[in-house]
Every structure is written in C-alpha cells, then in structure tokens.
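Number of protein chains: 4
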Amino acid sequence: MVSVGIVGGTGYTGAELLRLLAGHPDAQVDLITSRAEAGIRVDSLYPTLRGVCDLSFEAPDAGRLAECDLVYFATPHGVAMELMPELIKRSTRVVDLSADFRIQDIDVWETWYGQAHTCPELVAQAVYGLPEVNRQSIRDAQLVAAAGCYPTAIQLGFLPLLVNDLVDPGSLIANAASGVSGAGRQAKVDNLLAELSDNFKAYGVAGHRHLPEIEQGLSNAAKQAVALTFVPHLLPVIRGIHATLYAQIKVEGVDEKALQSLYEQFYDDEPFVDILPLGHLPQTRNVKGSNLCRIAVTRPQQRNVVVICSAIDNLVKGASGQAIQCMNIMLGLNETAGLESVPLCP
Amino acid sequence: MVSVGIVGGTGYTGAELLRLLAGHPDAQVDLITSRAEAGIRVDSLYPTLRGVCDLSFEAPDAGRLAECDLVYFATPHGVAMELMPELIKRSTRVVDLSADFRIQDIDVWETWYGQAHTCPELVAQAVYGLPEVNRQSIRDAQLVAAAGCYPTAIQLGFLPLLVNDLVDPGSLIANAASGVSGAGRQAKVDNLLAELSDNFKAYGVAGHRHLPEIEQGLSNAAKQAVALTFVPHLLPVIRGIHATLYAQIKVEGVDEKALQSLYEQFYDDEPFVDILPLGHLPQTRNVKGSNLCRIAVTRPQQRNVVVICSAIDNLVKGASGQAIQCMNIMLGLNETAGLESVPLCP
Amino acid sequence: MVSVGIVGGTGYTGAELLRLLAGHPDAQVDLITSRAEAGIRVDSLYPTLRGVCDLSFEAPDAGRLAECDLVYFATPHGVAMELMPELIKRSTRVVDLSADFRIQDIDVWETWYGQAHTCPELVAQAVYGLPEVNRQSIRDAQLVAAAGCYPTAIQLGFLPLLVNDLVDPGSLIANAASGVSGAGRQAKVDNLLAELSDNFKAYGVAGHRHLPEIEQGLSNAAKQAVALTFVPHLLPVIRGIHATLYAQIKVEGVDEKALQSLYEQFYDDEPFVDILPLGHLPQTRNVKGSNLCRIAVTRPQQRNVVVICSAIDNLVKGASGQAIQCMNIMLGLNETAGLESVPLCP
Amino acid sequence: MVSVGIVGGTGYTGAELLRLLAGHPDAQVDLITSRAEAGIRVDSLYPTLRGVCDLSFEAPDAGRLAECDLVYFATPHGVAMELMPELIKRSTRVVDLSADFRIQDIDVWETWYGQAHTCPELVAQAVYGLPEVNRQSIRDAQLVAAAGCYPTAIQLGFLPLLVNDLVDPGSLIANAASGVSGAGRQAKVDNLLAELSDNFKAYGVAGHRHLPEIEQGLSNAAKQAVALTFVPHLLPVIRGIHATLYAQIKVEGVDEKALQSLYEQFYDDEPFVDILPLGHLPQTRNVKGSNLCRIAVTRPQQRNVVVICSAIDNLVKGASGQAIQCMNIMLGLNETAGLESVPLCP
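Chains as they are written, first to last, in this note's numbering: chain C, 1 to 346; chain L, 1 to 346; chain B, 1 to 346; chain P, 1 to 346.
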C-alpha cells in the first residue's frame, strides 16, 4: 500500500483527492495538511467522507510529509513553490496540482501570476503532468506539475491536428466553459448561487492565466509557435469543462471521416480519452465524476473550419484524477487504479 | 412625484427596491446610501440598472435623508436602530425592511438577535408592516417594520384558520423553503453555487430568528398563544419562498370546500393574495418578480390535518415589494402602484 | 461471478443498476431487455456506459431471463406482475424495483394504482425489500419488492420512534422533497428544465401512491395503525430525497440527547444508515451517488415535537442501490459489495 | 387602444407576448388561438396570468383574426405560411415570430426546413424584423418576419464590424449558448431537467437552421458573402442567449478603444442595444425579462482577433419583445412601449 500525503486539503481538489483515493486499491492517504483547519476532523468539513476518512487536518511539516511515498499539493498558486525545495531535497516525489511548476518560461510565469518565482531551478526539472503527452517523462519524474483543467480539455482536443500539421497554428480559437467548482471553495460574492444560477457569462476575455500554459503545450506539439484566442465562460453547473475548438484546415482532402480516423488512432491506447462516434457530441454530464475526456470531431458544412468538442470533469481529469493518474505512472501502479468508476448520470 | 431615499442599497433588497421603483409612476429614488460603496455609481454595481438609475452611492447623512418623503432601510439588523431616532425626530416617515422593529417584546428580540436594542421606545410605536393585517395602522404610521419573508408566507397562510378559530393553535407546523437570495449578497462559502446547486437541506432547525416574529403575529390573530414548529430549508433557486403549513382541525363539518370559501372570502379584497382554485397548487415561479402571495387550501384524504401551501417571491412580497406596498398606503398612493408586473415565467 | 438480468433497462433506475453493477466485484449483467429499444446498444442510449457495457437491449424472454441467477425489474408499475408468474415458476430469484408487490392489501393496491392486480398470490409471498427491517426474510426470499424512494427515507427516519413507542402514531407528518429523476425518464412537459428549474412546488397533496406503502411499513413497526400526512415536493435537482419528519412526543423525559443515543443504537450495525452528530443536518449532496441514508435527530426549542431529517439518493438507496443491497443479501454476497463509493460532492 | 390577436398561444413565445402585452399602455390582446386547447382558459394553462388575462383559447379563424389591428404568429415553422395568404388578402398586418418568412431564398429555406414553401410570393414582400437594421421598412410593412433568437444576438454583435468592413468576412465564428426555453414547450426527453441540469453540451454542430438566416443578414450588411461557423450550445438555464463572436481584423490601427467608439456610435440611437464600457462583459441575467441586447467589445492581448460578447433574453429581444418592438414601429406607437421593465436580477 502506497502512503500518500496531501498539502492543502480543504479545497475542492483536496476533497476530490480524498474521494478518489478512498477507492484506490493500492494507495492510502496518511496525512493531510491545512494551517487554517489544523486539528479539525476532515469529515466534519466534508461530511461525505464520514466513515471513509478518519484523519484530522494538521499543520504542514516537511519531515512528516517526506515520510510519504508521494505528496500532492492541492494549494493555490504560490504555496507549493515555498515548500517544494525542502521536499525535493529529501527525495520525496511530488505531484503539484497548482500552477507553480507548469510554465517553463519563468518570465512568462511571473508576468501572468504577478509574483516572483522562488525556485526557478525546480521548474526546469519539473515534468508537465499530461500523461497523453508525457507518459515516459512522468514515470521517472520526481516533480510532476499536473496539467490545469482548461489546458487538459483544450490540448487533448487540438493535439492530433497540430501534431499532424493539418491546421493553421496561427488562428486557433478555444471557446471554453467551466463549472464553478473550478473557481475553488472561496467565499466570493461573484460565485454565490444567487449570482451565477440561471446565468451565463464570459470572463477573463482580456487574458486568462491558462493561456500561456496552453500555448506552451500546443507549441511543443506543433513544433512551432501557435497563437490561440482563448475565451473562458462560467456555467451554472458544479463540475465540468466543455471546450469548443476551432481551427482552419490547411491541407486538402482531409474530410470528416479522415479526421475521425486520425483522432481514433491518435488516442487508441489511451485509457481516459474517448473519441465519440461521428455524429455524437460530448456532454459534461457524461464525464461527471470520472477521469474521462470525451471528444467529438466535426467539420460543419464541409467547410474549412474543423470544430472539436472536448469535455472533462474539471475536478477529475482536470485536477485530482489527473494527479492520481500521474501518481500511478510514477509509482508503477496500474495507470487506471482508483479511476475506473462510471460517470454519475443522470 | 414622491421623493424616496434608501439606506443600505448594496444588498439584494436594495437592488430590488431600485428595480421596482424604476417602474413606479408616482415615486422616484433621489438618494441611496452605502458607506462601503460611497462614490460608486449604482449601475456599476448593478448593471441591470444601466440607463435606469443615474445615482451614485453616498455615505448616509440624516439631514439629506430627512429631505425625502420616505426612507427605506434595506440594511442588516442592528443598523436601522442606530439611525432611526434622528430620522424619527425629524418627522421622516420610514419603512424598515430589517428585523429591528418587528418584535414588540424587547427581551425576545435581544435574545434572538444577540444584542441590546438601542431604542426600545421606537419599537412600541412601530407598526408591523403586513398590510393584510394592519392596513389601517400602516396608513398613519411614521415607522413601519415591514414583515419578513418567511413570516409573510406563513402568516398569510395560517391567518384565516386562526382568526376563525378552526385549528388547534398548540401544534402548528410550518415547513418552509427559501431561495438563496434570502441569505443576502454576502461572501459566504455556504452560499456558493458549488455548495448549494443540485442540493437541498434543512437549516436552523434548532431555532430560526423568524420564529418569534411569526408566533407574535399568529398569536395576535388567534387572540391566544400559538406554538409553531418552524423548519426552514434552502432551495437551489434564486428567488421564492414556499411554505407548507399543517394544522389540526378542531371543528366538525369544515370540509375542503368550506375551507376554500373561507379563504376566498378572507382575502377577497386583497390585491396581492390569490387563493388558487381547488386542485391547484402554487409554484414559486408563478410569483417570481411579483408582489403576489399565492395560496392553496387542501385537506388530504379528508383527514383532520389541513395543509396550506403558500408561495411568495422573498425579494418582493417578502421584502421590497411589501415595503413599497406599505409606502403606497402610508403616502395615500394607489396601493398597487409599481407592483403590477406579471410574474416572469418560464 | 453472479449472472444478472435487467427487465426494462431504459429508464433511470435501469441505467443506475448498470452504473452500480459495473463496479460490483461479484456480479455482472448478462442480459438487459427493452421492447422499445430492442437491438440498440445500451451505450448509445447511455453514453456514460461507453467502454463499460457491451450489451444491446433485447426483447424480454422468460427463458433467457430464467438463466440468470437473479433478475431485476426496473419497469413502471403494472409490468412486473405480468411476467412474474413465469419467472417464479422457473425458480428465478427476483428483485422488483416497481410498486407491484410492495403492498400486501390488494384492495389498497388496486385503489391507488387504478388497475386490477393480476397475481395477488405472489404478493403474499413477496418480501418487502427494506434490509434495515427485513434482512432475515430477504435472505430467503424468492421475490423481493424493493422499497420505494420516499418510503425508504421516511420509514428509516420514523422507525426508531415508532418501534420504541415514543410518539403519537396518529399525527405523523412527512414533508418530503425529491429530485426530478424520481419522475423517471419520460417525455412530459411538467418535467422540462424550463418548467422546473429555479422553481419549487408541492404536488400530489391530495394523495400520493407512496402513502399506503409508508403507512403499511410504519404500522408494522408500531404494531398499531399509524396516520401519516405526507406531502411530497419537487426540487430543481436531479437526485436526492430529503424528508423532514414531525412527531409529537408522548413520553416524558426523552430529551434530544436521549433521542440521539436511541437512533445511534438502533442503526449501530447498519452499513448504510448514518446518524449524524447532534447539531449536524443532512444535505442531499452528501449522499449523492451513494447508498447511504443520513439522518439527523432534533427537538427544536425543547418543545414536544421531534423533527427528524433524512436524506437519500432516490436512484441509489431509493431504488437501484437498495435493490443491489437486497441481491447481495439474497445471494450471500458481501452486503456492501458494489455499494461502497463515496458520495460525489461537490 | 390597439387590438391584437395571437395565433398559437400555448408555447413560451405566446405566453411571453401575453406577459409583455399585459403591461403595454396602448395595446391589448383580444384574441388568442390554439387548436389543441380551444375552450380552455389561458390562465389555467399559465397561472402567472391569473387576474391579468381573462381570455380562453379559441380555434383559429381568419375572419376573427382579421378584425384585429395586428396579428402575431407564435407558431412552429410551417404553420404561419398556411394561414398567411388569407390574412394578407384581408389587409391584416402581421408579425410572424416563426421562421416561415425570414429567408429570402426559397431553395435555401426548403433545404433547411425540409418542406415545400406554400407561399413564396409573400416571402418576397416580407420585411425582416430586426429594427436596428430595417426600421424604415418595418414601418410600412404588412408582413414582418421577426428575427430569430440566435440571429438577433449574433447579427447585432457583428454588424458594426461588417458594415465598416473591418474584418475578414470569410472566417467569422459564432459560439453561442442558449437557455432551454429556446427549444419551446414540447415534451421531449432531451429537455427534461434530469437530462440538462448540471450539464452543458454543443448541439447542431453539423448545421443549425439559424445559420442561413444569420449568413443572409450578415451578407446584406457586409455587401458581400460572409462565411460563418456557428456552433450553438445548450445551457442549464431557462432564458438567455450569449454569443461569443470571433473575427479577424484586416485593417491596421483599429485598437480596442477605436472599436469601442465605433460600437457606441453605431448603436447610439438604439433604445435596446447597450454597449457596455470597456472592461465589462455581459451576463444573461443582466438582460433577463428585458428587451435589451448588451454587447461588449474586446481585442484580447492586442492580437488580431476581435471578440464580441452579446447577450439577450431569447424570449424577449429574441422573440416576443422584438415582435412587440416591430408592432410599435408598424403602428406608430412609442417604440419602447410595453418594453421598459428592468431585467430581473438576481
């Protein structure tokens, strides 16, 4: 049984790690930290875990954490980088769910996150945690920076087109929508039910922090710089990200069926990417609670714009499930362990 | 044109006063206060009011307020009683939407609200603002304490039974559910969409502050002490209160049809109480945005428990609409002025 | 590996059986029937099951069904009783999720369901499938009539009070609210999102079919006739039933703590009933997707009305999970097998 | 007082006409038809209209309808064209809310709607009912084909760019999302709350009937053929359309501020188009229940893609409100009469 620690367990991604790991056959959570809630039982904050989790939150301590086989950071950005050097020094393996180690260009990171990075040298050695792209590197990594929610849905959707150089990389568009759990468990007026329910809006149009992460990943895949227009929207739902992706085909003779085949082959061996049959479209409810990314390929009206629809559960494949998938790879466990439950629908 | 001021205009009841008064033929808002937002345009906080409201929030000032024909308090409890003596001294007429002046027994108020009352003498002269009960007193009142949201739905539902002495006053039950706007526009984790959507729960079972207000009103109507078990619940909806009321009939020979007639006659002249035909039940959406209280009378299985269903929009008949109705009565305007719009459905 | 068949697999309870059984370590679905969808792949109707269920619907055939170790009926009422005699003759064991065999008094059943019962003799031998009451009889039953959704939440809530003769059985009140999946997957205007979302209403106040089922169960427990006023409401949520139960205490000296102890002891050995600590209340989201019933005991204001709050997921403990729990008992499997996943929250 | 008739009053747009016209100072509904509901009181189908509408549905009769000053068709496509010739012959003025007369190219209409058009000659004389484009023609028209919901939000968003020839007309993208009332009040499993709530999906990606309508309008504005990729999505909300529009700027030196000025000037005199200040984005709740279209102009990252966000209430500016606005213009009434209420928010 693998022993796991969680730093920052009071947010939604921490709770989701606990939910998923409760059903993991080969891993158990032995330690969960929160400065604010130290001493409080986990199941008093999250009653869903009554009878499943007997832990109390404790203040973070590097020594205690280093005793674990693997440590997750489920913290806001800026926290993991403070504690990371000490854990890395002690040879602890880490999966960071935050944004601290995702972006290789430190200047870009500092511009978008508005603060100095305190351990740029660890950024260089961190592996970007998107198994469909980096499975081999994840296996041997000490520090994995699990991919973000929008970046996962959008990259998995665009990758086959870019890797195969089928579309113009200079005019990509990602119109995406997220459930509100993506905004975390913070007390903000903007995220009240009375503000968001029966409502829909775009946000962060001028620039969202996931843009550089996505452009970095897509540029790596395309082996050239890509330009993406990324507009996130906020849905009155709890979980789910849906991305509608637009790209201009630049190659002749690639019809919808050919694109479909291409996608099916590209993800043929992936346990968590499901290319839907032609004519079917993903719904966020069809991935709810699961680690799946469901993708549909369309070429409307046989015109030269390809439209890809991609759906994930932002808390699972977009966060905690992805982190567990990375752990499974890092520790040589079955990659799908703890991640096999069927989406909850209806 | 009547000139109106609003103290504490940043919450939902303040915004709702502005929405409703924008359509009032005989009243206009000339002044709206907020310490926190002083200097900020109202329509930058509430974009729905763009083009309709040209005011900016200003810090409260008794002199400025006293120039208005009537002042509304749309503040949390404990605020109105601080400013009230000065306004009353200046002969300003006031409708208070908060709980400060609703409960005549100061000890009871202080117990439930956990603070000392600073002007008990004004409580004595305040008139409880439920027009269906107190229309005459409201007309001449200087200070009206508008009835609360749950208390409105529940009292209007029980009144005909108690006034006519048909039911046991010692075992009343009010099972009520409210939309989350009733909790106000405060940043609280508990009221996030991610916490409340696709969810339902009871709260405050041990004791809710509206209990003494309701028992006071029902006891006055029954001319004897009543005992009410009141359990509020939180709905994943924005607006609406639905109360399901249970009482034991203590009189022979009052069948469902007789009860229906009784209710229809009791509210025959009321512009905002609609007794639904037998066999129909109210829905919160059928009062959304309107000042109506819709009520259904049933006697399931012809047993001895009467079940009354009563629905209002908590922000209108349960707050701002009721306050405007009181104002209309106080100032001799048409009682329905500004309150005639049809519910928004679907 | 136990072989299972499902009759009527196109509704929500059928889909939920498939979801839960996909994770069952000791049972697998080998057969699923639907006249209307015969020949159609299950995962084309329920895309959540892509990669998990390789079956197609087939027309019901008693011979094929009888080859299974156990057959579930997930059909509307009136269907199971047609096919049941043939299956019973062939010694097939059956769990019926519909209402056909729940009510022992045939006259009562025929009155409430508006049709003749075609095999009253099988009603007599059917065991009511509420394991917390009938575990021993379920073990040996050939035909189990799984308890309904409202009846489960309400009976589990009232049982300790009635079995211990603490409350007046003549004035019980159950105010309950259900998510809309309880109405099934039928095309009805009343159940459209545009009709139900941002809305709340009571329904069936004059008489709901679950009333006789609940009164039968409670009377058995109380060993005397009980009278229940039962008012169901419709929530704008997908899953979840919350029941708020009221009873008049008739015994002196039973304070809230004593009641709490009583409930904890009563359900001490039950794997799926969780008595919350004093001061905590259940929420439907805290049981979502799980087979749990979470219950809170309160005695507001120390008055003589006990208020019990009880929450289940109507599709799990209220239907398919309960049916699997019954199967586990009948077939000597681990009672919690396939039912151990943590509620999905948020 | 203008006398108005409504054909097909049982759907959501019919009900919305009744709601809005109830508050219209100069018009009243004298006649409302429905074959299916003939003889039934309107307020028994729509209890929100209790006390406001005293009519019963009647079977459609051309003679009766022709007595009205103006007739609305709030029918599914294919119905208006059957009755229209007779009304036009009788000189009745008509606003058709359906799609029958919106598309000038009969072949295109027949291809997309899958049936023959029975009165192509009336299509030629019909005026497209988007007042911001066709106000003068509407004034004198006998038959106005009110613009559809998506087409209104999308055209109002793109028009300033195309009329001023600032963007590439060959690569427009409209990513739009609609509340479910847009699908009408039909009993369909796909539109159940249990299917749509807590969910999001694209639909009609291969081709939606509003595409040719939008391309026709945009091509007229651009004075050249435009090519639009249009992907609609379904929101778990009742009302509201939000369109996120993407276009490639083809002119140098037009920064975000210049675009903002352009939009403000373009719509300066329009009573129902509100260009939000730079930095603000529309939300569907900020137009709920109102006839407003709120638009934001952005140029993210100062790159060459302009992003326009446009929000309307699909039942008001996208249907019944627009139809009333057209009527007001046709009959020389105040253009904003009956359409001045403030959005219902929260």
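Even glycine gets a Cβ: it sits at the ideal position worked out from N, Cα and C.
Nothing here was measured: the structure is a model prediction, and the numbers come from that model.
Tell me whether C/Pro-352 sits in a helix, a strand or coil according to DSSP, three-state version. Residue 352 of chain C is absent from the model: chain C starts at 1 and stops at 346.
Whose C-beta lies closer than 7 angstroms to the C-beta of P/Glu-82 among residues of the same chain, with five residues either side of it excluded? Scanning its chain for C-beta atoms nearer than 7 angstroms, with the 5 sequence neighbours on each side dropped, one finds around P/Glu-82 the residues Thr-118, in chain order.
Comparing the C-beta of L/Leu-281 with each C-beta of chain B, is any distance below 8 angstroms? So yes, L/Leu-281 belongs to the interface.
What does C/Arg-50 reach in chain B if we use C-beta pairs closer than 7 angstroms? Ordered by position in chain B, the residues that pass the 7 angstroms Cβ test against C/Arg-50 are Asp-274.
Compile a chain-ordered list of the residues in the segment 190-211 of chain L whose CB is closer than 7 angstroms to at least one CB of chain C. Within the segment 190-211 of chain L, the qualifying residues are Asn-191, Leu-192, Leu-193, Ala-194, Leu-196, Ser-197, Asp-198.
Taking 8 angstroms as the threshold (C-beta atoms), are L/Val-180 and L/Leu-234 in contact? For L/Leu-234 and L/Val-180, yes; Cβs fall inside 8 angstroms.
If you draw a straight line from the alpha carbon of C/Thr-48 to that of L/Pro-25, how long is it in whole angstroms? Spanning the two alpha carbons is a distance of roughly 52 angstroms.
Count the other C-beta atoms from every protein chain shown that fall within 10 angstroms of the C-beta of C/Gly-63, then say buried if there are 16 or more, exposed otherwise. Exposed: under 16 other Cβ atoms inside 10 Å.
Just the chain P side, please: which residues come within less than 8 angstroms of B/Ile-238 by C-beta, in chain order? Neighbours of B/Ile-238 across chain P, judged by C-beta separation under 8 angstroms: Leu-193, Ala-194, Ser-197, Asp-198.
When the Cα atoms are used, what is the spatial distance from C/Thr-103 to C/Asn-314? The sequence as given places Ile at residue 103 of chain C; Thr does not occur at that position. Cα to Cα, the separation comes out at about 20 angstroms.
Would you call B/Ala-59 buried or exposed, if buried means 16 or more other Cβ atoms sit within 10 Å of its Cβ? Exposed, by the Cβ-count rule.
Quick one: list the residues of chain C neighbouring L/Lys-188, beta-carbon separation under 7 angstroms, in chain order. What L/Lys-188 touches in chain C: Ala-187.
Any residues in the segment 299-310 of chain B with a beta carbon nearer than 8 angstroms to a beta carbon of chain L? Which ones, in chain order? The segment 299-310 of chain B vs chain L, Cβ under 8 angstroms: Pro-300, Gln-301, Arg-303, Val-305, Val-307, Cys-309.
Are the C-beta atoms of P/Val-251 and some chain L residue less than 8 angstroms apart? With 8 angstroms as the cut-off, P/Val-251 does not count as an interface residue toward chain L.
For L/Ile-103, the three-state DSSP class (helix, strand or coil): L/Ile-103 falls in the coil class under three-state DSSP.
How many Å lie between L/Leu-130 and L/Asp-107 at the Cα? Going from the Cα of L/Leu-130 to the Cα of L/Asp-107 covers about 22 angstroms.
Under 8 angstroms by Cβ, that's how I've got P/Leu-87 and P/Val-95 pegged, so tell me the actual separation to the nearest angstrom. Actually they do not touch by this definition, with Cβ atoms about 11 angstroms apart.
Report back the beta-carbon spacing between P/Ala-311 and P/Asn-286 to the nearest angstrom; my notes put them in contact at under 8 angstroms. Going by Cβ atoms, the distance from P/Ala-311 to P/Asn-286 rounds to 7 angstroms, so yes, they are a contact pair.
Check this for me: beta carbons of P/Leu-259 and P/Arg-299, under 8 angstroms apart or not? Taking a C-beta distance under 8 angstroms as the contact criterion, P/Leu-259 and P/Arg-299 qualify as a contact pair.
Residues, ordered as in the chain, of the segment 161-186 of chain B that lie near chain P by beta-carbon distance below 7 angstroms: Close to chain P, meaning a Cβ-Cβ distance shorter than 7 angstroms, are the following residues of the segment 161-186 of chain B: Val-180, Ser-181, Arg-185.
Is DSSP giving C/Glu-58 helix, strand or coil here? Strand.
Cβ neighbours of B/Pro-76 in the same chain (closer than 7 angstroms, five flanking residues each side left out): So the list reads Ser-98, once near-sequence residues are dropped.
List the endpoints of the continuous alpha helix (DSSP H) containing P/Arg-139. Looking at the DSSP string, the run of the alpha helix (DSSP H) that includes P/Arg-139 is 131-140.
Just mark L/Leu-278 as buried or exposed, buried being the case when its beta carbon has 16 or more other beta carbons within 10 Å. By the 16-neighbour rule on beta-carbons within 10 angstroms, L/Leu-278 is exposed.
Any idea what DSSP makes of P/Cys-293, helix, strand or coil? DSSP, read as helix, strand or coil, puts P/Cys-293 in strand.
Please classify C/Met-1 as buried or exposed, where buried requires at least 16 neighbouring CB atoms within 10 angstroms. Answer is exposed; the Cβ neighbour count stays below 16.
How about B/His-242: is its C-beta nearer than 8 angstroms to some C-beta of chain L? Yes - at least one Cβ of chain L is within 8 angstroms of the one on B/His-242.
DSSP state of C/Ala-124, grouped into three classes? In the structure shown, C/Ala-124 sits in a helix (DSSP, three-state: H, G or I).
Does L/Val-316 get closer than 8 angstroms to chain B when you measure Cβ to Cβ? Not an interface residue.
Give the straight-line distance between the Cα atoms of P/Ala-227 and C/Ile-308, rounded to the nearest whole angstrom. One C-alpha to the other measures close to 18 angstroms.
Option nearest L/Gln-186 by Cα separation, candidates L/Phe-272, L/Val-237, L/Thr-10: Cα-wise, what sits closest to L/Gln-186 is L/Thr-10.
Within the chosen definition, does the segment 148-168 of chain B reach the segment 212-232 of chain B through at least 3 CB pairs nearer than 8 angstroms? The way I'd put it, the segment 148-168 of chain B does touch the segment 212-232 of chain B; three or more beta-carbon pairs between them come closer than 8 angstroms.
Just list the residues that DSSP pairs L/Thr-152 with in beta bridges. Answer is none; L/Thr-152 lacks a bridge partner.
Got a sec, what are the start and stop residues for the beta strand (DSSP E) C/Gln-28 sits in? That run of the beta strand (DSSP E) goes 27-33.
Taking 8 angstroms as the threshold (C-beta atoms), are L/Tyr-150 and L/His-242 in contact? Not a contact, by the Cβ cut-off of 8 angstroms.
Looking at the C-beta of L/Tyr-128, does it have a partner C-beta in chain B at a distance below 8 angstroms? So no, L/Tyr-128 is outside the interface.
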